[in-house]
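Chemist:
Protein chains: 2
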Amino acid sequence: MLTDGSGLNLGFIFLLQSLTLASHSQTHPFSHNFPSRTNFPGSTTAHHRAPVSRSYAPGDRSDQPRSKVIQWIKKNDGNDIENEGLVDGKDIERCWSDKNIAYREPLLRKRTNTTSQIAIVGSNVSPIESLDYEIIENELFKQDWRSRKKVQIFQYILLKWVFALIIGLGTGLVGFFNNIAVENIAGYKLLLTTDLMLKQKYFKAFVAYAGCNLGLATAAAALCAFIAPAAAGSGIPEVKAYLNGIDAYTILAPSTLFVKIFGSILGVSAGFVVGKEGPMVHTGACIASILGQGGSRKYHLTWKWLRYFKNDRDRRDLITCGAAAGVAAAFRAPVGGVLFALEEAASWWRSALLWRTFFTTAIVAMVLRAFMEYCSSGNCGLFGTGGLIMYDVSSATVSYSVADVLAVLLLGVIGGIFGSLYNYLVDKVLRTYSIINERGAGFKILLVITISLLTSCCSFGLPWFVKCHACPTNLTVECPTADASGNFKSFQCPSGYYNDLASLFLNTNDDAIRNLFSTSTEKEFRISSLFVFFAAVYCLGIITYGIAIPSGLFIPVILAGSCYGRLVGRLFASITKLDMGLFALLGAASFLGGTMRMTVSLCVILLELTNDLLLLPLVMLVLLISKTVADCFNKGVYDQIVKLKGFPFMEAYAEPYMRQLVAGDVVSGPLVSFSGVEKVEMIVHALRTTGHNGFPVIDEPPFSDAPELCGLVLRSHLLVLLKGKNFSRDRVLTGEEIFQKFTAFDFAKAGSGKGLKFEDLDINEEEMEMYVDLHPIINSSPYTVVETMSLAKAAILFRQIGLRHMCVVPKAQGRPPIVGILTRHDFMPEHVLGLYPHMKPCK
Amino acid sequence: MLTDGSGLNLGFIFLLQSLTLASHSQTHPFSHNFPSRTNFPGSTTAHHRAPVSRSYAPGDRSDQPRSKVIQWIKKNDGNDIENEGLVDGKDIERCWSDKNIAYREPLLRKRTNTTSQIAIVGSNVSPIESLDYEIIENELFKQDWRSRKKVQIFQYILLKWVFALIIGLGTGLVGFFNNIAVENIAGYKLLLTTDLMLKQKYFKAFVAYAGCNLGLATAAAALCAFIAPAAAGSGIPEVKAYLNGIDAYTILAPSTLFVKIFGSILGVSAGFVVGKEGPMVHTGACIASILGQGGSRKYHLTWKWLRYFKNDRDRRDLITCGAAAGVAAAFRAPVGGVLFALEEAASWWRSALLWRTFFTTAIVAMVLRAFMEYCSSGNCGLFGTGGLIMYDVSSATVSYSVADVLAVLLLGVIGGIFGSLYNYLVDKVLRTYSIINERGAGFKILLVITISLLTSCCSFGLPWFVKCHACPTNLTVECPTADASGNFKSFQCPSGYYNDLASLFLNTNDDAIRNLFSTSTEKEFRISSLFVFFAAVYCLGIITYGIAIPSGLFIPVILAGSCYGRLVGRLFASITKLDMGLFALLGAASFLGGTMRMTVSLCVILLELTNDLLLLPLVMLVLLISKTVADCFNKGVYDQIVKLKGFPFMEAYAEPYMRQLVAGDVVSGPLVSFSGVEKVEMIVHALRTTGHNGFPVIDEPPFSDAPELCGLVLRSHLLVLLKGKNFSRDRVLTGEEIFQKFTAFDFAKAGSGKGLKFEDLDINEEEMEMYVDLHPIINSSPYTVVETMSLAKAAILFRQIGLRHMCVVPKAQGRPPIVGILTRHDFMPEHVLGLYPHMKPCK
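Protein chains in written order, with this note's numbering: chain D, 9 to 851; chain Y, 9 to 851.
Here is the structure:
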């Protein structure tokens with residue numbers, strides 16, 4: 009297998025498979041009837057490659073490659089060879105044999121179809137080093153860098169920090185803008201409703217409330233459906249996938265950023281049970297990505313210095329910073345943001361990055377702080393005192409006994425069970441919604457409208473079933489409140505009474521959480537009200553994620569979690585001294601642990617939210633337990649969505665069955681390779697007929713004594729080289745000339761979707777017959793493994809170093825110098841288990 | 009270069025070099041006179057290896073290896089080949105050419121001499137996989153693991169958590185014990201002194217004070233000098249080196265643990281300007297290491313389950329947990345502990361580890377909390393309320409203006425400058441002390457006594473120069489205090505007056521820090537007193553580190569930092585509203601940033617110490633600035649000590665000059681290799697005459713068509729195999745039989761110093777002539793690089809995957825199948841720049 013730009017193909021597989029699925033839903037006839045691949049005659053790797061490999065016999069090698077490529081092209085015209093021997097439908101079935109179907113079926117068929125650009129981009133320490141990252145670093149560090157270059161190095165380092173600063177400022181601003189907009193829009197909506205309720209115009213109040221919600225929801229859905237479909241959902245799985253090396257085209261585009269910002273504001277204001285945290289992370293990543301694209305030539309917003317960032321590693325680093333900044337902005341939790349990026353988002357981490365990320369989140373924290381200081385004097389409408397410190401410790405005791413710890417243990421277990429159930433249901437709902445969403449923008453909006461109406465009915469309807477509560481006497485706050493927020497909503501109740509369920513439902517999500525977290529309000533909420541609210545929020549949270557609006561998962565989970573935490577607290581009230589607000593906090597922690605499966609970062613985020621480090625041991629305990637319990641059932645919600653969307657995510661560890669295979673077992677041929685000095689025609693043909701992003705180059709006599717692997721050359725560099733038309737009539741080395749024509753930066757990685765395309769080439773008949781020297785653009789030291797290397801070890805190498813192409817070389821001598829190329833797709837369980845279906849993963 | 013057990017040799021190099029240094033101290037005559045290595049005739053790698061490499065000509069290979077090894081043995085009898093071509097004195101000079109001398113000269117010549125056991129142990133994801141780690145995992149996961157093995161997997165996973173629990177409990181207990189012991193010992197000492205002072209018996213008071221100090225100090229020094237010299241110093245550099253893969257023999261031994269615990273208590277009680285934080289980290293690591301050794305057969309404390317931990321990765325993970333637990337216990341900072349382990353201690357990190365480490369530190373926090381709850385009712389003597397929350401926020405405002413931020417910026421810059429100066433001076437002092445310490449235990453103790461007397465004189469003498477202060481009127485605490493601790497010491501002052509300098513000097517370090525951090529005590533300390541205290545503590549801190557007692561660096565740095573922070577605060581008093589206590593905190597942060605160069609972990613530790621997250625932006629800012637400033641001058645203090653001790657530490661990044669070299673350039677031959685079925689005599693000879701820990705095995709006809717690299721075999725496994733005496737008279741494969749005789753666990757990694765030694769072998773003449781089949785113990789998929797691979801990339805592979813041996817294979821065909829083996833030492837700047845001295849590192 010040679011290419012990694014196989015998004016299109018993957019899409020086909022998925023489509024094919026989904027269609028098949030429609031008829032035989034769970035038990036698959038093929039999966040049992042087909043003999044396992046290893047029993048096929050000639051199915052071992054060596055045989056599989058034989059027709060091409062053997063043709064490399066030493067001796068008559070001078071024009072071997074040409075005929076080979078042409079032969080191959082004739083045979084496979086129009087097909088991507090990547091899945092040759094696999095795409096015939098039968099093998100695919102085996103990839104998706106019964107047991108794996110439920111889990112591995114990718115959801116977004118449509119998206120995978122439109123992402124033929126999935127180019128496995130963006131995730132590397134030094135993958136394509138000699139010509140992508142290293143070309144920049146070589147420019148900077150290699151030759152003569154003591155004099156002139158020192159300035160450039162300084163520019164480069166300075167720019168990294170400036171970018172971190174800009175990301176911090178940008179994300180902080182967006183975070184603040186989001187907060188202020190939501191508080192104002194939702195605030196006025198709630199004020200209007202409350203006002204009408206006080207005048208006892210109940211029906212009008214409902215119409216106003218539901219109408220506002222509907223309008224806001226439709227606007228959000230329209231933005232999402234028409235401008236940037238990629239902005240729907242949380243965004244964290246996409247960012248996670250990007251940082252793992254998967255660049256689904258529009259994920260970090262400017263349009264996505266725009267929709268994510270405004271869609272999130274509208275969606276949250278519309279009263280959905282969604283949060284702004286996921287979207288904030290996505291927003292931060294988008295801002296970082298746009299910075300890292302090297303400006304925009306279209307709008308003349310480009311700058312010479314920016315070219316240093318035209319490489320994968322720096323872009324990845326920027327986006328990691330962006331993700332951290334997003335969390336920092338959403339929760340005002342700078343340390344939590346760094347830890348989130350480290351624990352959940354990033355697949356590769358360097359200690360230099362820790363420092364830069366920390367700087368970014370510190371900037372975010374400072375920006376938010378400055379603005380909130382400004383708003384605290386009432387300059388920002390309904391923003392109020394703002395601030396996210398939800399659980400005020402000063403009035404609660406935090407010493408605890410054995411009974412308290414038992415209650416906390418119980419909370420953890422419940423959180424784990426509810427969390428894994430939540431993940432399971434979200435998965436099911438996403439699959440259902442995807443069928444609806446695929447039918448077009450209209451259906452998407454219709455779905456949003458339905459959910460919006462349902463949410464409005466729940467929020468406005470359920471409080472009617474609750475009796476009024478008399479206001480407590482020893483209060484420092486107003487009761488009932490006529491304010492937009494507040495702990496005691498009057499709803500339909502007479503003066504001096506309040507409706508506890510309305511206090512939860514008819515508030516923004518942030519305020520509802522603050523109410524649940526409030527201390528010294530033990531009896532404020534009835535057990536029945538808490539139960540109803542929990543059930544409603546749990547279900548609404550599940551059915552809301554997946555509709556076409558930007559929707560975070562944190563807030564629904566915190567909301568439901570804190571609600572059942574308070575419930576458990578009420579049940580334990582007789583034997584525990586812990587405050588109900590603390591129980592709510594621990595409930596939120598347990599549910600977060602059960603769904604997201606993060607530990608340290610969640611813990612720190614919660615502590616930063618509540619500003620009390622004395623809670624730490626309890627929060628830790630509850631997180632550990634809920635994660636452990638939930639891990640028995642399924643994966644974390646983000647991992648699940650990543651799988652569902654069909655991103656070829658590389659895990660950090662190797663699967664156990666990989667220990668039984670060697671690298672050579674999963675390489676699929678035939679291989680398209682070039683000579684060191686290759687005919688233009690060959691290259692053009694190979695580029696036209698394959699989607700491969702990397703080609704091995706093999707030096708042959710007279711350029712070397714025997715055929716030897718010279719290195720790897722990338723499609724993008726070939727395109728630049730061909731565009732430059734530095735051809736010669738004879739088969740000679742012309743390396744020096746090429747570097748007179750090109751500078752290193754010509755080969756630097758272009759921004760997403762900005763690189764040269766095959767269609768940009770314009771080569772005439774005469775030029776087709778000429779030769780071009782590939783040596784100057786070859787990555788002459790690709791990472792290699794011997795074909796007998798354990799696949800598990802190869803996978804670890806691939807992932808740890810962050811490769812995109814790994815050359816497999818033969819063990820014995822006298823064979824052609826390269827056996828094949830391993831790409832990300834070759835390590836996917838779908839591919840490996842497709843080849844060896846008897847090696848079922850059993851855990 | 010083939011071995012990595014070259015501690016002895018390294019020691020010699022160091023010794024040689026140091027001796028040379030004595031005569032030509034700075035400018036080295038050789039370094040300029042010798043032509044650079046690349047100009048030597050035949051100095052390219054291929055030629056360098058030629059005599060042996062060429063003998064691999066295909067054809068007459070059947071008994072080639074034997075004659076080759078014997079020839080080589082005759083030539084090099086008794087020498088370690090690792091540095092062949094290097095140890096002749098001239099090349100070494102080049103390693104240490106003028107510019108690098110000051111920095112790279114290792115300090116502990118004596119130690120490196122006794123650490124021929126430095127076996128580059130303990131640091132790997134999958135280094136020697138097929139037979140070290142993988143043997144366990146294979147046992148667990150590979151074959152047939154669905155039935156019987158499931159129990160084992162459960163045992164294995166459960167045990168990991170149990171170990172984390174035990175480490176947490178153990179470190180928590182030690183931390184608590186340390187606290188309580190120090191508070192009581194130092195407390196009674198101070199009470200006695202204060203008592204005598206009150207009776208105006210000043211001389212007696214001094215004698216009592218200095219006498220107590222001297223006694224405690226001598227006891228600590230005696231423990232250290234006679235029982236475990238490795239327990240001296242902080243311990244963090246050693247743990248860091250261990251986690252990087254360097255196992256200096258006694259670093260984690262039980263005797264070290266014992267001395268570290270008691271020596272630290274005695275040393276801190278003796279009034280030295282040292283902390284218990286570094287020793288706590290070392291203690292945690294020791295506890296973890298002893299757990300990971302698989303019990304003690306000597307004391308019948310072994311257990312079948314423990315064998316699962318007989319591998320490097322699990323031991324490394326345990327020790328990472330231990331280091332985190334140490335920080336958590338020292339500062340009661342569980343999140344800070346995790347981040348410390350991540351940022352400073354660990355060289356490899358896995359997300360599973362994050363979780364387990366977090367669990368350990370949570371346990372530590374809970375243990376400490378439980379004991380402190382118990383002690384708060386006065387059950388623990390002078391322990392008092394304990395607790396480490398030093399800076400109580402409730403009485404201080406934390407809103408700040410631009411002027412405040414400017415003051416903070418200044419603090420950061422000063423902290424950076426002082427911090428780097430501190431590192432520089434510590435380095436110099438360590439070098440001086442090492443000369444004294446080398447002369448024997450007596451000299452060590454004498455040095456400790458000197459420093460102890462000096463410290464006592466400073467502490468008791470300097471307060472005499474200070475005038476008495478009238479007690480403030482609006483106090484809630486006693487003034488002057490007669491207590492052991494307390495903010496207002498009377499010293500020589502009459503009733504109603506206090507001596508501010510004595511309040512700082514005549515307290516434990518913890519109490520002094522608490523006094524400096526105290527809020528709302530703006531005028532308590534005079535500027536002059538602060539200045540004197542700062543100067544004294546700064547100097548004492550520098551001259552105390554390096555004496556033969558367990559001594560942490562955190563407390564001296566915090567002490568000096570908070571002192572100058574308060575000083576700066578006093579200077580800015582007119583334009584800032586920030587509290588003096590807050591300035592002290594920020595000063596401590598800036599100085600910590602300037603010396604340790606950590607960011608996130610320091611920040612979180614400080615926040616957990618002070619329990620106020622609102623300080624975060626300021627603390628972040630000050631840390632970032634001080635680190636940036638200090639990084640302009642030198643490295644962090646721990647990195648510096650690691651280098652100084654001569655540990656071959658692998659950095660995460662490749663040096664720029666490595667980009668200009670290829671892997672083949674640094675491989676040094678000749679190579680000792682075995683055939684797949686080798687004569688016993690050959691193996692015994694190779695084991696006896698070399699210190700190599702890994703040997704390549706090359707299969708030859710009749711076992712393969714052509715010579716091919718079969719894999720790597722480790723010295724330890726060879727010893728086990730030879731001990732088993734599974735020999736055959738003929739050159740045949742006997743693989744199956746071997747696995748009837750051995751179980752996988754026989755080859756599992758033994759504890760430090762517990763493995764089989766060469767001397768344990770007992771092979772007679774007849775057996776020497778027999779053959780042994782090496783195939784069953786070969787690591788058949790070692791990581792390989794092609795000889796033309798960029799050295800920088802090879803280094804990244806080596807470090808990222810965590811290897812100990814990396815095979816270099818030839819590029820062209822028709823050459824012997826292996827060019828050489830790269831070990832950690834081959835990537836050291838000393839080695840590379842020794843070979844290519846013209847490639848000076850210039851940054």
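Glycine is no exception: its CB is placed at the ideal position from the N, C-alpha and C atoms.
Using 8 Å as the threshold, is the C-beta distance between C388/D and I188/D below it?
Modeler: Contact: yes.
Chemist: Is it buried or exposed for Y646/Y, if we count other Cβ within 10 angstroms and need 16 for buried?
Modeler: Under this definition Y646/Y is a buried residue.
Chemist: Would you call the region 638-655 of chain D in contact with the region 611-627 of chain D, where contact means no fewer than 3 C-beta pairs closer than 8 Å?
Modeler: No, because fewer than three Cβ pairs between the region 638-655 of chain D and the region 611-627 of chain D fall closer than 8 Å, the two stretches do not touch.
Chemist: Indicate whether at least one CB of chain Y lies closer than 8 Å to the CB of V474/D.
Modeler: V474/D does not count as touching chain Y.
Chemist: Just mark N772/Y as buried or exposed, buried being the case when its beta carbon has 16 or more other beta carbons within 10 Å.
Modeler: Exposed, by the Cβ-count rule.
Chemist: Where does L717/D fall in DSSP's three states?
Modeler: Reduced to three states, the DSSP call for L717/D is strand.
Chemist: Determine the chain Y residues that contact C329/D at a beta-carbon separation under 8 Å, and present them in chain order.
Modeler: Chain Y residues near C329/D: none, gap ~13 Å exceeds 8 Å.
Chemist: Assign L429/D to one of three DSSP states: helix, strand, or coil.
Modeler: Here L429/D sits in helix by DSSP.
Chemist: Within this structure, are the beta carbons of L720/Y and C640/Y separated by less than 8 Å?
Modeler: No, the Cβ-Cβ distance between L720/Y and C640/Y is not below 8 Å.
Chemist: Hey, A194/Y and S272/Y: beta-carbon distance below 8 Å or not?
Modeler: Cβ distance not < 8 Å, so A194/Y and S272/Y don't count as in contact.
Chemist: What residues in its chain sit with their C-beta under 6 Å from that of G424/Y, if we drop five residues either side in the sequence?
Modeler: G602, S634, V637 and A638, listed in sequence order.
Chemist: Quickly, what does DSSP pair V817/D with across the bridge? List them, please.
Modeler: Paired residues: V794/D.
Chemist: So, under 8 Å CB-CB, E680/D and A694/D are touching, yes? Tell me the CB distance rounded to an integer number of Å.
Modeler: It is Val, not Glu, that sits at residue 680/D in the sequence shown. Correct: roughly 5 Å between the Cβ atoms.
Chemist: Do you know how far the Cα of R534/D is from the Cα of G577/D?
Modeler: Between G577/D and R534/D, the C-alpha separation is close to 12 Å.
Chemist: Using the Cα positions of I453/D and F214/D, report the straight-line distance between them to the nearest angstrom.
Modeler: So the two alpha carbons sit approximately 22 Å from each other.
Chemist: Against chain Y, with Cβ distances strictly below 8 Å, would Y791/D count as a contact?
Modeler: Closer than 8 Å: yes.
Chemist: With a cut-off of 8 Å, does the C-beta of A478/D fall near any C-beta of chain Y?
Modeler: So, not an interface residue.
Chemist: Quickly, what does DSSP pair N7/Y with across the bridge? List them, please.
Modeler: Residue 7/Y is absent from the model: chain Y starts at 9 and stops at 851.
Chemist: Count the other CB atoms within 10 Å of the CB of I583/Y; is the residue buried (16 or more) or exposed (fewer)?
Modeler: I583/Y is exposed by the Cβ-count criterion.
Chemist: Under 7 Å Cβ to Cβ from S31/Y, same chain only, skipping five residues before and after it: list those, please.
Modeler: Reliability of the predicted coordinates at S31/Y is poor, the pLDDT of 36 falling under 50, and the value obtained from them is presented with this limitation in mind. Correct list: empty, nothing qualifies.
Chemist: Determine contact between the region 278-287 of chain D and the region 451-470 of chain D, defined as no fewer than three beta-carbon pairs at a distance below 8 Å.
Modeler: They touch, by the three-pair rule.
Chemist: Using the DSSP secondary-structure output, state which residues sit across from T489/D in a beta bridge.
Modeler: In DSSP, T489/D forms a bridge with K497/D.
Chemist: For D828/D versus V675/D, is the C-beta spacing smaller than 8 Å?
Modeler: Just to set this straight, residue 828/D is Gly in the shown sequence, not Asp. Yes.
Chemist: Between the region 361-373 of chain Y and the region 336-347 of chain Y, do at least 3 Cβ pairs fall closer than 8 Å?
Modeler: Flag = yes, the region 361-373 of chain Y and the region 336-347 of chain Y touch.
Chemist: At least one CB of chain Y closer than 8 Å to the CB of T607/D: is that the case?
Modeler: Yes, contact with chain Y.
Chemist: Which residues of the region 837-849 of chain D have a Cβ closer than 8 Å to any Cβ of chain Y? Give them in chain order.
Modeler: Per Cβ criterion, the list is empty.
Chemist: When the Cα atoms are used, what is the spatial distance from P262/D to C232/D?
Modeler: So the alpha carbons of these two residues sit roughly 13 Å apart.
Chemist: Relative to the C-alpha of I235/Y, which candidate in L764/Y, I259/Y, V817/Y and W357/Y has its C-alpha closest?
Modeler: Answer by Cα proximity: I259/Y.
Chemist: Whose Cβ in chain Y lies nearer than 8 Å to the Cβ of V281/D?
Modeler: Residues of chain Y passing the Cβ test: none, with the nearest at roughly 28 Å.
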